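Letter by letter, the sequence shown follows residues 1 to 74 of our numbering. A virtual CB, placed ideally from N, CA and C, is assigned to each residue, including glycine. Source: prediction; values computed, not measured. Please read the structure below before turning to the comments.
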Amino acid sequence: MPEIKYEVVEKIGIVSEGNNGWNKELNRIKWNDREPVLDIRTWSPDHEKMGKGITISNEEAKALRDMLNALDLG
1 MPEIKYEVVE KIGIVSEGNN GWNKELNRIK WNDREPVLDI RTWSPDHEKM GKGITISNEE
61 AKALRDMLNA LDLG
């Protein structure tokens, strides 16, 4: 399996902090030299290891934002 290259282009923020030191973060990441995408996943403190996550384009982020804004999260 080929090595996956990534570059954290912009650290946007921490969504939640885990008890094990890993944080769920929202970042803009360049995967395998492609255009940067928004990415939500857990990261080790040194950013050397990562958990499973989700990447979304700007258009998908706008649609998600609109759906979240419509929710009553009380």
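### Query
Since I12 sits in a beta bridge, which residues does DSSP pair it with?
Paired residues: none, contrary to the question.
### Task
Quick one: residues in its chain with C-beta nearer than 7 Å to the C-beta of I12, no 5 flanking neighbours on either side, listed in chain order?
L26, N27, R28
### Task
Starting from E59, follow the alpha helix (DSSP H) in both directions and report where the run begins and ends.
58-70
### Query
Nearest CA to the CA of N20: which residue from K49, V9, P2, E7?
K49
### W6 versus V15: straight-line alpha-carbon distance, rounded
Reading off the sequence, residue 6 comes out as Tyr, not Trp. Cα to Cα, the separation comes out at about 20 Å.
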